[in-house]
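Novice: First the structure, which I've put down as structure tokens, then a few questions once you've had a look.
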Amino acid sequence: AQSVTQLGSHVSVSEGALVLLRCNYSSSVPPYLFWYVQYPNQGLQLLLKYTSAATLVKGINGFEAEFKKSETSFHLTKPSAHMSDAAEYFCAVSDRYNFNKFYFGSGTKLNVKP
Amino acid sequence: DAEITQSPRHKITETGRQVTLACHQTWNHNNMFWYRQDLGHGLRLIHYSYGVQDTNKGEVSDGYSVSRSNTEDLPLTLESAASSQTSVYFCASSDFGSSYEQYFGPGTRLTVT
Numbered sequence: 057a058q059s060v061t062q063l064g065s066h067v068s069v070s071e072g073a074l075v076l077l078r079c080n081y082s083s084s085v086p087p088y089l090f091w092y093v094q095y096p097n098q099g100l101q102l103l104l105k106y107t108s109a110a111t112l113v114k115g116i117n118g119f120e121a122e123f124k125k126s127e128t129s130f131h132l133t134k135p136s137a138h139m140s141d142a143a144e145y146f147c148a149v150s151d152r153y154n155f156n157k158f159y160f161g162s163g164t165k166l167n168v169k170p
Numbered sequence: 066d067a068e069i070t071q072s073p074r075h076k077i078t079e080t081g082r083q084v085t086l087a088c089h090q091t092w093n094h095n096n097m098f099w100y101r102q103d104l105g106h107g108l109r110l111i112h113y114s115y116g117v118q119d120t121n122k123g124e125v126s127d128g129y130s131v132s133r134s135n136t137e138d139l140p141l142t143l144e145s146a147a148s149s150q151t152s153v154y155f156c157a158s159s160d161f162g163s164s165y166e167q168y169f170g171p172g173t174r175l176t177v178t
């Protein structure tokens with residue numbers, strides 16, 4: 057089975073600062089990769105996805121992520137944090153043989169300070 | 066607009082009782098999934114289905130069952146609720162194809178006392 061590691065269960069940044077949320081996965085075969093965002097008391101919403109096209113993927117709300125095969129990483133970034141970015145973020149990777157089946161990281165809660 | 070709905074949104078039940086959580090999607094997706102979300106664990110897959118009459122166990126399936134009699138619904142049953150099953154449950158759906166992205170419902174918060 058795949059595993060997904062998100063470093064840092066809580067990340068705090070100031071408004072306007074760079075956001076960097078880390079995700080590493082275990083696989084020798086590049087799978088499909090996703091970042092989801094969860095606002096309080098809501099379901100998960102897709103931010104962006106990597107599906108073996110460009111390694112730099114742009115998503116909604118100014119977020120982007122870069123797929124680095126050599127580092128088995130898919131870190132999420134945003135140049136300038138906004139208060140509305142405060143939420144929990146989940147990295148997910150598809151199973152290497154069954155792309156419809158996902159494995160999720162444990163999540164990173166982003167706090168944005170004014 | 067297409068959507069996934071879950072009911073109830075909140076449920077309190079007693080240990081040993083049978084509980085069924087409903088999931089209904091109007092995306093006409095073939096694939097449906099049930100996850101549980103617990104602090105420090107992210108989302109863990111309970112059961113999934115790739116079509117009518119198809120069901121598969123996920124990584125935390127003990128104590129849960131599902132059945133798929135139509136495309137739109139995948140109810141999750143806790144046969145005999147246990148306190149360890151107190152959690153937030155999410156249903157998701159996706160379709161076969163190049164994107165594989167899953168669409169999530171709003172969740173059901175279940176408390177077993």
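Line by line, the protein sequences give chains A and B.
Per our numbering, the first sequence starts with residue 57, numbered consecutively.
Per our numbering, the second sequence starts with residue 66, numbered consecutively.
Glycine included, C-beta positions come from ideal geometry on N, C-alpha and C.
Everything numeric in this text was worked out from a predicted model, so none of it was measured.
1. Does the CB of A/G64 have a neighbour CB from chain B at under 9 Å?
2. Let me make sure I understand the geometry here. Which of A/Y153, A/S82, A/S68, A/Q101 has the alpha-carbon closest to that of A/F130?
3. My understanding is that A/F119 touches A/L104, with C-beta atoms under 8 Å, so please give their C-beta distance in whole angstroms.
4. Counting only runs of 4+ residues fully inside the region 79 to 167 of chain A, write out the alpha helix (DSSP H) ranges in chain order.
5. Output the distance between the C-alpha atoms of B/Y129 and B/I111, rounded to the nearest integer angstrom.
6. In whole angstroms, what is the alpha-carbon distance linking B/L104 and A/G64?
7. Name, please, each residue of chain A whose Cβ falls closer than 9 Å to the Cβ of B/Y113.
8. Using a Cβ-Cβ cut-off of 9 Å, state whether A/G161 counts as contacting chain B.
9. Below 7 Å between beta carbons is the criterion; list the residues of the region 66 to 88 of chain A that meet it against any residue of chain B, in chain order.
10. DSSP state of A/S70, grouped into three classes?
11. Taking its Cβ as the centre, do 16 or more other Cβ atoms sit within 10 Å of B/Y74, making it buried, or is it exposed?
12. Within the 9 Å Cβ cut-off, does A/N117 reach chain B?
13. Give a yes or no on whether 9 Å exceeds the smallest Cβ distance from B/R109 to chain A.
14. For the beta strand (DSSP E) that contains B/Q102, what are its first and last residues?
15. Look at B/Q83 and B/E68 and say whether their C-beta atoms are less than 9 Å apart.
16. With DSSP as the reference, label B/Q90 as helix, strand or coil.
17. Check whether the region 132 to 148 of chain A and the region 132 to 140 of chain B are in contact - that is, three or more C-beta pairs closer than 8 Å.
18. Can you name, in chain order, every residue of its own chain whose Cβ lies under 6 Å from the Cβ of A/K165, other than the five neighbours on each side?
Specialist: Reading off the structure:
1. It does not: the Cβ of A/G64 has no partner Cβ on chain B nearer than 9 Å.
2. Cα-wise, what sits closest to A/F130 is A/S82.
3. For A/F119 against A/L104, the beta-carbon gap comes to about 6 Å, under 8 Å, which counts as contact.
4. If we require 4 residues or more, the region 79 to 167 of chain A turns out to have no alpha helix (DSSP H) run fully inside it.
5. Distance between the alpha carbons of B/Y129 and B/I111: 7 Å.
6. Taking the straight line from one Cα to the other gives about 13 Å.
7. Within 9 Å Cβ-Cβ: N156, K157.
8. Taking a beta-carbon distance threshold of 9 Å, A/G161 counts as an interface residue toward chain B.
9. For the region 66 to 88 of chain A, the set of residues with a beta-carbon nearer than 7 Å to any beta-carbon of chain B comprises Y88, in chain order.
10. Reduced to three states, the DSSP call for A/S70 is strand.
11. Tyr is not the amino acid found at residue 74 of chain B; the sequence shown has Arg there. Per the 10 Å Cβ criterion, exposed.
12. Answer no: the Cβ-Cβ gap between A/N117 and chain B never drops below 9 Å.
13. At least one chain A Cβ lies under 9 Å of B/R109.
14. Membership of B/Q102 in the beta strand (DSSP E) is indicated by the continuous run 96 to 103.
15. In terms of Cβ geometry, B/Q83 and B/E68 do not form a close pair [threshold 9 Å].
16. Under the three-state reduction of DSSP output, B/Q90 falls in the strand class.
17. By the criterion of at least three beta-carbon pairs nearer than 8 Å, the region 132 to 148 of chain A is not in contact with the region 132 to 140 of chain B.
18. Excluding positions up to five away in sequence, the list reads H66, E144.
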